[in-house]
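One line per chain: the protein sequences are A and B, in this order.
Under the numbering used here, the letters of the first sequence match residues 38 to 310, in that order.
Under the numbering used here, the letters of the second sequence match residues 215 to 601, in that order.
Note that the Cβ used here is the ideal one computed from N, Cα and C, for glycine as well.
For clarity, every value in this text was computed on a predicted model and none was experimentally measured.
Working notes, structure below.
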Amino acid sequence: MSKGMLIDTTRCIGCRACQTACKSWNNLPGVKTTFSETWSNPRYLSAADFTRIIFREDVHADGTVGWHFIKRQCMHCNDPACVSACPVGALQKLDSGPVVYDDSKCIGCRYCMMACPFQIPKFQWDSAVPYIRKCTFCADRQAVGLEPACSTTCPTGALLFGDRDKLLAEALNRIRQFPARYHNEVYGEKIAGGTAKLYLTAHSFEVLGLNHRGFRTDLGDTPQGVYGREWMGKVPLVALGVGGLTLGLYALNRRRAEVAAAEAEARHQEKEV
Amino acid sequence: MAEKVEKWYAGEPRGKISYGRMILYILTTLGVISALIRLFFGLGSPITNLSDAYPWGLWISFDVLTGVALAGGGFTMSAIIYVFNLKKFEPLLRPAKISAFLGYLMFIFGLFFDLGLPWRIWHPLIMWNPHSVLFEVAWCVMLYTTVLAIDVIIMALERFQIEGPVRFLRSIYVIFIVAGIILSTLHQSSLGALYLLLPEKMSELWATKAIGPLFFASAVIGGLSVVTLESLISAWAYNRKPEMSILSELAKFLGVALLVYFAMKVTDLYARRVTFFALDWQHLLLYVELFGTVFLPALLLTFREVRASVTGLYWCAGLAAFGVALNRFNVSLTSYGGYREFSYFPSAIEFFITIGLIAGGVLLFDFLTQNLPVYQEELIGHAESTS
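Structure (structure tokens):
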């Protein structure tokens with residue numbers, strides 16, 4: 038059974054305990070941060086920050102300010118583009134849900150970073166021996182029957198870990214029960230072929246202004262790895278076609294030259310006779 | 215017959231580019247120093263300006279994508295001569311193979327320094343992901359570089375008059391011809407297919423399902439134009455007469471290739487209903503690419519006077535080659551900038567490594583053409599061995 042995580046952003050209070058738990062479990066180094074125009078900290082995901090809470094302010098009609106707290110991390114796609122892209126198979130989708138990365142295979146080509154529609158894989162730029170880093174869905178914890186660090190630590194139940202099917206049913210149920218509270222779509226249900234992480238939000242990601250900050254809404258339901266796999270499916274045919282054509286024409290040319298040479302020879306002999 | 219072995223004499227010693235050679239040595243040295251710095255200090259700032267927002271930069275756009283497209287001369291000439299049986303172009307074959315071989319060597323070195331873990335560059339040999347377009351590119355490039363290396367080895371064996379192995383290689387030469395054309399068709403188009411996975415990150419002007427065939431067609435243009443330029447430039451550098459009769463003939467092929475590519479591009483843009491008329495810098499780049507470097511040289515090449523003049527050929531082949539490079543940069547870099555709040559411009563070290571690679575490539579070309587039987591008038595038997 039494939040695991041998933043329901044992220045009900047309307048229940049998040051922005052405490053960032055998940056960020057801390059993630060750092061702690063994955064033993065990630067601290068990163069120097071600076072003030073900025075946003076409450077979000079750190080500003081971007083990086084090889085040392087697998088998850089972060091994006092803070093969005095929302096000014097209501099009556100002048101009061103509302104908040105949205107959106108957790109960002111690897112979506113753990115059902116059919117991940119990074120897994121299709123990786124030339125050496127360093128990235129794998131486990132049947133249990135997580136998309137995991139094998140340090141010992143990676144060559145550092147960074148095609149996964151280019152391919153990921155959610156811009157998740159990050160690179161250890163500061164190292165002379167750099168690897169790709171991203172949220173692992175705590176595959177190591179899951180393997181021993183534990184929940185991911187972030188959902189374990191979440192104090193409000195905004196992060197629910199469980200079977201993806203059940204969580205999806207729960208999410209749809211919540212929308213049905215509280216239509217005023219939720220935007221009428223579970224982000225991650227179908228996008229890019231569906232993801233293990235399922236989002237409930239108060240507004241669409243366009244309204245939240247995050248559709249170009251990691252939550253693309255224009256991806257469609259086709260997993261993008263399909264395009265690469267379709268291409269690879271045609272490769273043997275193209276190889277055979279081009280090969281056959283080339284060989285055929287080459288053989289034809291050769292035969293023509295032989296015939297021409299034989300005819301010339303025959304003419305030459307006729308003359309001599 | 216196919217097993218013919220070329221005889222060769224060294225020709226007169228060459229002069230003229232010794233000043234140039236000096237500059238090339240300096241640039242190559244700078245490149246080597248930069249490459250060592252990159253190896254020991256990694257890819258992060260300030261060594262390169264690559265970042266999580268721009269994982270691929272100058273090296274992928276130029277050393278890999280542009281380099282491979284412009285090194286398409288090897289398989290293009292091989293197809294013209296062996297498959298389409300146009301033997302009059304044979305004098306261009308050996309120089310084209312040398313420059314293709316060097317192009318691929320430069321590409322492999324460029325990729326080597328771009329990889330985060332370059333000492334694992336061999337991993338695709340044993341770690342397979344047959345779903346990955348990049349996996350296929352890796353294999354095709356490895357195999358095709360081997361094919362090109364065999365061509366260079368044949369020339370080296372001829373140089374040292376070791377005839378036995380040459381006869382053997384010539385007797386199975388058809389394998390290399392066919393393999394070279396298959397492998398080139400596959401990886402030239404697959405380099406474009408790499409971008410099938412990320413349409414949402416690219417400008418709609420270049421994000422197309424047809425990118426594979428488009429890359430292939432423009433690689434033919436890259437190959438033909440570089441063969442032309444290379445022939446003109448080496449004639450100038452080595453005080454030789456450019457082989458204008460053949461080059462003007464080849465220019466017809468270049469013109470046709472440009473026209474076909476132009477038609478493909480326009481059809482693609484039309485079929486996808488993209489906004490063609492707009493005044494932003496991406497559209498300007500598209501106009502330059504489409505009209506300045508594809509249509510213009512195609513138009514110019516329809517004139518016999520242009521095809522017959524050295525200047526005309528310099529311009530047309532130069533524009534066409536520049537157009538291929540511009541297309542690769544547009545696909546991989548400029549079309550990528552549209553929606554991100556980050557920007558990217560290559561660092562000094564990125565430039566030095568790329569320039570060093572080019573300079574080193576030119577020096578090696580100079581060395582190889584001087585020491586191997588490459589140019590027709592140096593071959594005592596003349597006529598390339600074929601059927």
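Reduced DSSP category for residue i - H, G, I as helix; E, B as strand; rest coil
i: Cys311(A); result: Shown here, chain A extends from 38 to 310; a query on residue 311(A) therefore has no answer.
i: Gln129(A); result: strand
i: Val488(B); result: coil
i: Ile144(A); result: coil
i: Glu302(A); result: helix
i: Ala216(B); result: Confidence is the limiting factor: at Ala216(B) the pLDDT is only 46, short of 50, which leaves the residue's position unreliable, though a coordinate-based value still follows. In the structure shown, Ala216(B) sits in coil (DSSP, three-state: anything other than H, G, I, E or B).
i: Lys40(A); result: strand
i: Tyr264(A); result: helix
i: Val588(B); result: coil
i: Phe321(B); result: helix
i: Cys252(A); result: Residue 252(A) is actually Phe in this sequence, not Cys. Note: Phe252(A) maps to coil in three-state DSSP.
i: Lys455(B); result: coil
i: Ile517(B); result: Sequence check: residue 517(B) is Phe here, not Ile. Three-state DSSP puts Phe517(B) in coil, outside helix and strand.
i: Val244(A); result: coil
i: Ser601(B); result: Its pLDDT being 36, under 50, Ser601(B) is placed unreliably in this model, and the value from its coordinates should be taken loosely. In the structure shown, Ser601(B) sits in coil (DSSP, three-state: anything other than H, G, I, E or B).
i: Tyr233(B); result: helix
i: Val166(A); result: coil
i: Lys479(B); result: helix
i: Val246(B); result: helix
i: His596(B); result: For His596(B), the predicted structure reports a pLDDT of 46, less than 50, and the residue's modelled location is therefore unreliable. The matter cannot be settled from this model.
i: Tyr296(B); result: helix
i: Tyr558(B); result: coil
i: Phe155(A); result: coil
Residue from the options whose Cα sits closest to the Cα of residue i
i: Ala451(B); options: Val538(B), Phe579(B), Leu513(B) and Leu461(B); result: Phe579(B)
i: Glu94(A); options: Phe106(A), Ala127(A) and Phe215(A); result: Phe106(A)
i: Arg170(A); options: Arg48(A), Arg291(A), Lys60(A) and Thr47(A); result: Lys60(A)
i: Phe382(B); options: Ile395(B), Ile396(B) and Asp365(B); result: Asp365(B)
i: Gly537(B); options: Ala573(B), Asp494(B), Gln584(B) and Ala431(B); result: Ala431(B)
i: Lys142(A); options: Ala310(B), Met320(B) and Trp336(B); result: Trp336(B)
i: Pro135(A); options: Gly246(A), His220(A) and Gly199(A); result: Gly199(A)
i: Thr75(A); options: Asn64(A), Ile90(A) and Gly67(A); result: Ile90(A)
i: Arg218(A); options: Ala239(A), Ala233(A), Glu207(A) and Gly230(A); result: Ala239(A)
i: Ala58(A); options: Trp104(A), Gln161(A) and Pro192(A); result: Pro192(A)
i: Thr525(B); options: Phe556(B), Met458(B), Thr489(B) and Pro587(B); result: Met458(B)
i: Val68(A); options: Cys52(A), Cys49(A) and Ala85(A); result: Ala85(A)
i: Tyr558(B); options: Phe566(B), Ser546(B) and Glu463(B); result: Ser546(B)
i: Leu513(B); options: Phe327(B), Val488(B) and Leu472(B); result: Leu472(B)
i: Asn299(B); options: Leu284(A), Gly230(A), Arg213(A) and Met112(A); result: Leu284(A)
i: Ser248(B); options: Ala424(B), Thr568(B), Ile572(B) and Leu446(B); result: Thr568(B)
i: Gly394(B); options: Thr290(B), Val441(B) and Phe349(B); result: Thr290(B)
Neighbouring residues, chain A, relative to residue i (Cβ below 8 Å)
i: Gly426(B); result: Trp268
Cross-chain neighbours of residue i in chain A, by beta carbon under 9 Å
i: Asp266(B); result: Tyr81, Leu82, Ser83, Ala84, Met150, Gln156, Pro158, Lys159, Phe160 and Trp162
i: Ala407(B); result: Tyr264, Gly265, Trp268 and Met269
Within chain A, the residues that residue i reaches when beta carbons sit closer than 7 Å
i: Pro269(B); result: Arg147, Met150, Met151 and Phe160
i: Ile395(B); result: Val279 and Thr283
i: Val480(B); result: Chain A residues near Val480(B): none, gap ~23 Å exceeds 7 Å.
Chain-ordered chain B contacts of residue i [CB-CB under 7 Å]
i: Ser241(A); result: Correct list: empty, because the minimum Cβ distance to chain B is about 17 Å.
i: Val275(A); result: Thr399 and Leu400
i: Gly126(A); result: Met341, Trp342 and Asn343
i: Leu196(A); result: Result: empty, since nearest Cβ-Cβ is about 24 Å, beyond 7 Å.
Within chain B, partners of residue i - CB distance below 8 Å
i: Ala165(A); result: Leu253, Phe254, Phe255 and Gly256
i: Leu204(A); result: Correct list: empty, because the minimum Cβ distance to chain B is about 26 Å.
i: Thr262(A); result: The sequence given here has Gly at residue 262(A), not Thr. Within chain B, the residues near Gly262(A) are His345 and Leu411.
i: Asp255(A); result: Glu414
i: Val244(A); result: Those do not exist, as Val244(A) stays about 18 Å from chain B at its closest Cβ, beyond 8 Å.
i: Asn290(A); result: Tyr296, Val297, Asn299 and Ser601
Taking a Cβ distance cut-off of 7 Å, strictly less, list which residues of the segment 324 to 337 of chain B are near chain A, in chain order.
Leu329, Gly330, Leu331, Arg334, Ile335 and His337
Pick out the complete alpha helix (DSSP H) segments inside the segment 338 to 417 of chain B, 4 residues or longer, and give them in chain order.
347 to 373, 377 to 385 and 387 to 407
Quick one: which unbroken beta strand (DSSP E) runs of 3-plus residues sit fully inside the segment 45 to 128 of chain A? Chain order, please.
89 to 96 and 102 to 109
Quick one: complete beta strand (DSSP E) runs, 3+ long, within the segment 171 to 236 of chain A?
196 to 200
Compile a chain-ordered list of the residues in the segment 334 to 365 of chain B whose CB is closer than 7 Å to at least one CB of chain A.
Arg334, Ile335, His337, Pro338, Met341, Trp342, Asn343, Pro344, His345, Ser346, Val347, Leu348, Phe349, Glu350 and Ala352
Determine which residues of the segment 241 to 263 of chain B have a Cβ less than 8 Å from any Cβ of chain A, and write them out in chain order.
Leu253, Phe254, Phe255, Gly256, Leu257, Gly258 and Ser259
Residues within the segment 514 to 538 of chain B neighbouring chain A, beta-carbon criterion of under 7 Å
none
Cβ-based contacts, 7 Å cut-off: residues of the segment 101 to 124 of chain A near chain B:
Ala118, Ser121, Ala122, Cys123 and Pro124
If contact means a Cβ-Cβ distance below 9 Å, which residues of the segment 219 to 237 of chain A contact chain B?
none
Any residues in the segment 290 to 304 of chain B with a beta carbon nearer than 8 Å to a beta carbon of chain A? Which ones, in chain order?
Ala293, Tyr296, Val297, Phe298 and Asn299
Quick one: which residues of the segment 51 to 65 of chain A get their C-beta closer than 7 Å to a C-beta of chain B? List them in chain order.
none
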